[in-house]
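Residue numbers (my numbering), protein chains in the order written: chain Z, 776 to 1112; chain R, 776 to 1112. The structure appears below as structure tokens.
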DNA sequence: TTGAAAGCGATACCAT
DNA sequence: ATGGTATCGCTTTCAA
């Protein structure tokens, strides 16, 4: 692979000059510019980005840390980051595969070694303290889907509790009085917060949620199916079901219909996230929109400001987001009684 | 950010020694190893990957070129690459956003500048010739979802024509005699090949496909809906529908049912790709499985061999893949007549 | 407008 | 076992 020296030697100029034309630098005569450009082409010269980064101390990548790409939710997140990265002609450096605090730490470290100055991180396992320490070391570090008081200005997060409340209010407004819930057994906070918001709103309006009508499962289609079976197995009736996420909700609907319940006429079902799936399901899913992609874009811009040493007030940009109710076909007015 | 020199100075040793302990190199006394390690920790030392790459001339990333991440198909592709990249403790470098030959070229060039030695590329716009030239320059370059005779050993592709044939055979076996088709107006080859395979198999069995019963649309849910409407608008009956991809198929089903046709009892529908969606739809979609993730993993391994200068026969690994029929609920035996 | 040379942060060879 | 130093490919003063 031809280097800048090769080009210089063959063109009969100094490396400094080659560097200038490679960077469209000022003060180069059109004549030598043409001459050098031709040689670069002939040699198939490609400037070495590593060498460049080393001397300029500048990064041209944006780092992203997520569990994996198969989950559409994280794919959207990565896509949001990618969108704004591209606007700044940067490339995505992906660190995936975290299941433990160790691997999350590792993922961030790898980006750091690459001297990635802008990083959007989805971390659920690392402690608040460790994240705080890291953000002192890395100015352009931003966390998404997590809220830490002490570094609120670098957290872009969704109000899960409020989401649960909105779901409850929607169901309440539709005249429902008997509720069930499907939650996820995994992850730390989110499922708990969503459930908690749902319950608190029910309580506030004088309703109650039978504890045996709360089932937990894997946060995917099958988890939803199994949880719905467990719900049915209790023999207790319910007309409204709040599910942790869309995939589980679709699984639950499938089980309910297999057991002779019509959605939404017999049972209304509401999901969470509003991933692609919810628009493709039948009936189309009523759900709470989690604007990940938008949030990811915001997070990236925020990281860029921070890396640029701009002051950011935690209220400046929309750090806290509230999910939006998307009414589709899986919920309807309760006519019973 | 502390450098190797800082560590050396403070630890009172040479940079060579620090380098040795940083790389777990041989011949370092436990004593100095401990001493240096402690200083590295204190200083929060993080070795500069760019400097490393420069001197070792080795890359620790795998490059991927795809249009974008929102399409589940490409997310799966990227995920496949990521899986094997991780096995080799490499990170993903993502170049997205190609719509034109220019941007595809640009995407590859960026990876090249980063001295990425392994690249998995999904290119539809660049010419065969240009790709051939590129692969002479980049040993570890592999193309996925594309077949070029002259560089067959670096192409991992799906036999789209055969997929169309399999779909036709399935429908034929189910006693169908009147067919319709929804294809995509975009992209170059794939839709054409799938359709061609479908038609040729129909022809071979003495059936025919009415040209007006072939509609084209955007390759997404809405495109499928619109195309199905156009199909219905012809007023001509059909009992079996072959659709370019799953998203369109689900859109088509929704339109058919809105117009009083039951799937599969009135009309059988078969999709293509077998993305996540097809398992979540209702009825669950019969489709042709496109093993992208598996193929992406194979492609990455192949790229690694090639980069390693290992000889590869184009028959060694499975370069050509045949889609597999996945029977689910959207197709059934035709009882009419 | 052009060139010489220092230096970015690491590795690895050659000494000791 | 440890240190000195040339080197990777490039950018960027400083001179000419």
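The C-beta atom is built at its ideal place from N, Cα and C for all residues, glycine as well.
Beta carbon of residue 1056 of chain Z nearer than 9 Å to that of residue 1056 of chain R: yes
CA-to-CA distance, residue 819 of chain R to residue 888 of chain R, given in whole angstroms: 29 Å
Cβ-Cβ separation, residue 886 of chain R to residue 875 of chain R (assumed contact under 8 Å), whole Å: Incorrect: roughly 17 Å between the Cβ atoms, too far for contact.
Where residue 819 of chain R meets chain Z, residues with beta-carbon distance less than 7 Å: 912
Cβ separation of residue 746 of chain R and residue 840 of chain R, assumed to be a contact under 8 Å, to the nearest whole Å: With chain R represented from 776 up to 1112, any question about residue 746 of chain R goes unanswered, as that position is not in the structure.
Reference residue 833 of chain Z; option with closest CA among R/826, R/854, R/1026 and R/867: R/826
Contact set for residue 1004 of chain R: own chain, Cβ-Cβ below 7 Å, skip 5 residues either direction: 1030
Backbone secondary structure at residue 989 of chain Z - three-state DSSP: strand
Inter-residue CB distance, residue 934 of chain Z and residue 1097 of chain Z (contact presumed, cutoff 8 Å): About 5 Å separates the beta carbons of residue 934 of chain Z and residue 1097 of chain Z, which is inside the 8 Å limit, making them a contact pair.
One or two residues paired with residue 866 of chain R in a DSSP bridge: R/836
Per-residue contacts from residue 872 of chain R into chain Z (C-beta, under 9 Å): 857, 858 and 861
In DSSP terms, what residue 933 of chain Z is bridged to: Z/1096
Chain-ordered chain R contacts of residue 795 of chain Z [CB-CB under 7 Å]: The premise fails here: residue 795 of chain Z is roughly 18 Å from chain R at the closest Cβ pair, so nothing lies under 7 Å.
Unbroken beta strand (DSSP E) run spanning residue 1043 of chain R, endpoints: 1043 to 1045
Closest residue to residue 1013 of chain Z among Z/992, Z/1036 and Z/916 (Cα-Cα distance): Z/1036
Cutoff 6 Å; reference residue 1006 of chain Z; Cβ partners in own chain excluding five residues on either side: Contacts found: 955 and 990.
Whole-number beta carbon distance between residue 810 of chain R and residue 783 of chain R, since they are thought to touch under 8 Å: By a beta-carbon distance limit of 8 Å, residue 783 of chain R does not contact residue 810 of chain R. Their separation comes to about 11 Å.
Own chain, CB closer than 7 Å to residue 922 of chain R, minus 5 neighbours either side, in chain order: 930 and 932
Test item: CB-CB of residue 808 of chain R and residue 790 of chain R under 9 Å: no
9 Å Cβ cutoff met for residue 1061 of chain R and residue 1104 of chain R: Yes. Within cutoff.
Identity of the residue in R/1032, R/1049 and R/1088 nearest residue 1043 of chain R by Cα: R/1032
The segment 850 to 858 of chain Z touching the segment 1063 to 1072 of chain Z, judged by at least three CB pairs closer than 8 Å: yes
Contact list for residue 1025 of chain R against chain Z, beta-carbon separation under 7 Å: 1055
Outcome for residue 1099 of chain R when other beta-carbon atoms lying within 10 angstroms are tallied against a minimum of 16: exposed
For residue 988 of chain Z and residue 1009 of chain Z, believed in contact at Cβ under 8 Å, the rounded distance: 7 Å
Short Cβ contact (9 Å threshold) for residue 927 of chain R with residue 969 of chain R: In this structure, residue 927 of chain R keeps its C-beta atom at 9 Å or more from the C-beta atom of residue 969 of chain R.
Residue 1046 of chain R versus R/964, R/920 and R/1065, residue with shortest Cα-Cα distance: R/1065
Simplified DSSP assignment, three categories, for residue 1014 of chain Z: coil
Cutoff 9 Å: residue 952 of chain Z Cβ touching any chain R Cβ: no
Under 9 Å by beta carbon: chain R residues contacting residue 822 of chain Z: 888
Members of the segment 822 to 855 of chain Z near chain R, C-beta cut-off 7 Å: 822, 823, 824, 825, 826, 828, 829, 843, 844, 845, 847, 850, 851, 853 and 854
For residue 894 of chain R, the three-state DSSP class (helix, strand or coil): strand
Proximal chain R residues relative to residue 867 of chain Z, where beta-carbon distance stays under 9 Å: 844, 867, 868, 869, 870 and 871
Residues bridged to residue 918 of chain Z (per DSSP): Z/896 and Z/930
Where residue 955 of chain Z falls: helix, strand or coil (DSSP): strand
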